[in-house]
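**Q** So the protein lines, in turn, are chains H and Z.
With the first letter of the first sequence counted as 1, position 107 gets the number 107 in my numbering; the numbers rise by one all the way through.
Going from the second sequence to my numbering is simple: count from 1 and add 1000.
There are 2 protein chains.
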Amino acid sequence: MKMFKIPEATVSRLSVYSRFLSKLDKKGIITISSGEIAEGVGVGAAQVRKDLAYFGEFGTRGVGYNVKDLHQHILKILGLTTSWPVVVIGAGNLGTALCLYDGFRERGFNIVAMFDVDPLKIDKEIEGITVYSMEKLGDIIKEKEVKMGVIAVPAEYAQQIADLLVKNNICAILNFAPAVIKVPEEVQLRNVDLSVNLEILTFNIVNNVKNLY
Amino acid sequence: MKMFKIPEATVSRLSVYSRFLSKLDKKGIITISSGEIAEGVGVGAAQVRKDLAYFGEFGTRGVGYNVKDLHQHILKILGLTTSWPVVVIGAGNLGTALCLYDGFRERGFNIVAMFDVDPLKIDKEIEGITVYSMEKLGDIIKEKEVKMGVIAVPAEYAQQIADLLVKNNICAILNFAPAVIKVPEEVQLRNVDLSVNLEILTFNIVNNVKNLY
DNA sequence: GACTGTGAAGCCATTCACAGCT
DNA sequence: AGCTGTGAATGGCTTCACAGTC
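1) Using a cut-off of 8 Å between C-beta atoms, extract the partners of T130 of chain H located in chain Z.
2) Compare the C-alpha of V131 of chain H against each of H:F104, H:G108, H:G92, H:I77 and name the closest.
3) Please classify A1155 of chain Z: is it buried, with 16 or more other beta-carbons within 10 angstroms of its beta-carbon, or exposed?
4) State the DSSP-derived secondary structure class of F1109 of chain Z, mapped to helix, strand or coil.
5) I want to verify the contact list: residues of chain H whose CB lies under 8 Å from the CB of M1148 of chain Z, in sequence order.
6) Going along chain H in order, which residues have a C-beta closer than 9 Å to the C-beta of N1093 of chain Z?
7) Would DSSP call D1116 of chain Z helix, strand or coil?
8) Strictly under 8 Å for the Cβ-Cβ distance: is E135 of chain H near chain Z by that measure?
9) In chain H, which residues lie less than 7 Å from P1178 of chain Z when you measure between Cβ atoms?
10) Would you identify the three-state DSSP class for Y54 of chain H, choosing helix, strand or coil?
11) What runs of the alpha helix (DSSP H), each 4 residues or longer, lie entirely inside the stretch 130-176 of chain H?
12) Suppose the cutoff is 7 Å on Cβ atoms and the five residues either side in sequence are ignored; what does the same chain contact list for K144 of chain H look like?
13) Does the separation of the CB atoms of Q1159 of chain Z and A1179 of chain Z fall below 8 Å?
14) Please tell me whether L1174 of chain Z has its Cβ less than 8 Å away from any Cβ of chain H.
15) The alpha helix (DSSP H) that contains I1037 of chain Z, what's its start and end?
16) Leaving out five residues on either side along the sequence, give the residues of the same chain with a beta carbon under 7 Å from the beta carbon of L1100 of chain Z.
17) Run through chain H and tell me which residues come within less than 8 Å of E1008 of chain Z, C-beta to C-beta.
18) How would you call N191 of chain H, buried or exposed, if buried means at least 16 neighbouring beta carbons within 10 angstroms?
19) For I1200 of chain Z, which of helix, strand or coil comes out of DSSP?
20) For L1165 of chain Z, which residues in chain H fall below 9 Å Cβ to Cβ?
21) Helix, strand or coil for K5 of chain H, going by three-state DSSP, please let me know.
22) Compute the Euclidean distance between the alpha carbons of I140 of chain H and G1108 of chain Z, then round it to the nearest angstrom.
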């Protein structure tokens, strides 16, 4: 296959466009221009067109894009036409919140199991999702064909959990622990670092950086 | 004031360096080189030096950086030498998890109050943090001199909550709702979009993008 | 007339490579 | 000899501007 060198920023915008289009579609809107998408999601119109152009020609000159059609294309591009089973490691507050987060379900992610080391949590259910002991991780990943794992454990355990996920052939990890973790290059890793995000804000406040949006 | 054009990527790395240095400091390590920092946080050595060089000359040629010293400088740069009071809007699962998140406290963020519209939650305490009705927002922001607000409400209410925060003179907003929100340019805004992060991973899996770390 | 698709230009961040200290 | 600080080179993303299409 081809498909070369898509900027990551483009991918994350596609995800945002997709949500926007889904809203438009529900409202029954048929056609939309790059300018209107741009306005709706807060980017430039040229940016929208360029992002889409990486993947083909979805629009009609003089008219715009068909909402349903474009939306389907983007879902396809993002791999969201099928549902993704996901495991969450760590049944603390954050792990639990992520499990119950509607945003995941709405986008086709399906939390199939949680894992924890705490005997008080193991074998309990949290809103229909069972918490398993770590030993079951491999079995469940295999059984449910899980490709993605979410790490929501304390920083000091993040690396060993990551290693465990890797050993069980996970394809991608979303890490919420405030820790730098290392994985083999064939495993996808993204970090969502909550305090880093707040700290960028404090930096900006303290240095009164002009916002650029 | 001076201090111009710092890449946002640099700021977020500073935050990561800072955490790394704090770990080193606790271990009693006195001196460190850019190469070792680079290794520890997974970036290039030149990157580390350039990031630091935006703010001054903190190292000694031929030797490296003094851990304590550099750490203090970075905390100062990020505005973390003082504690920041924060409010969280939305006392659902996510809002609650964020309130209890240790990573915030450890870095000097202090959640002073939560807010919600649900009468069942209002005036209850969650681990020492009181949930107030939305009407109290203005008073508490003023009384506690809150500069930062965290939005953890459903997407459809995110914009009106943001407007409310802005009206009450908040300086910065961290938005967890999967929604595009607009604020005046003098207000700092960052979005942490949980599903976007998972969707980047699905994209990468589906298009088997080589990881670059 | 309106709007897409796209090469070219512009801008910004990262990496290189080396001069300058210790 | 070792390591920082930095100008210059590179690479990548965004914006511009316009030709092409409906």
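Idealized CB from N, CA, C, for every residue including glycine.
**A** Checking against the coordinates, here is how it stands:
1) What T130 of chain H touches in chain Z: nothing, since even the nearest Cβ is about 17 Å away.
2) V131 of chain H has its Cα closest to that of H:G92, out of H:F104, H:G108, H:G92, H:I77.
3) It counts as buried.
4) In the structure shown, F1109 of chain Z sits in a strand (DSSP, three-state: E or B).
5) Correct list: L198, L201, T202, I205.
6) Within chain H, the residues near N1093 of chain Z are N93, T96, A97, L98, C99, L100, Y101.
7) Three-state result, D1116 of chain Z: strand.
8) So no, E135 of chain H is outside the interface.
9) Going along chain H in sequence order, the residues near P1178 of chain Z (Cβ under 7 Å) are R19, G103.
10) Annotated three-state conformation of Y54 of chain H is coil, per DSSP.
11) Runs of the alpha helix (DSSP H) inside the stretch 130-176 of chain H: 137-143, 155-167.
12) So the qualifying residues of the chain are P85, V112.
13) The answer is yes: Cβ separation under 8 Å.
14) Closer than 8 Å: yes.
15) Start and end: 1034-1041.
16) Taken in chain order, the residues that qualify are E1127.
17) For E1008 of chain Z, the chain H residues whose Cβ falls inside 8 Å of its Cβ are I200, in order along the chain.
18) In the assembly as shown, N191 of chain H is a buried residue. Its beta-carbon has 16 or more other beta-carbons within 10 Å.
19) Residue state, collapsed to three classes: helix.
20) Listed along chain H is no residue with a C-beta nearer than 9 Å to that of L1165 of chain Z; the closest approach is about 13 Å.
21) K5 of chain H sits in coil when the DSSP states are folded into three classes, being neither helix nor strand.
22) If you draw a straight line from the Cα of I140 of chain H to the Cα of G1108 of chain Z, it comes to about 39 Å.
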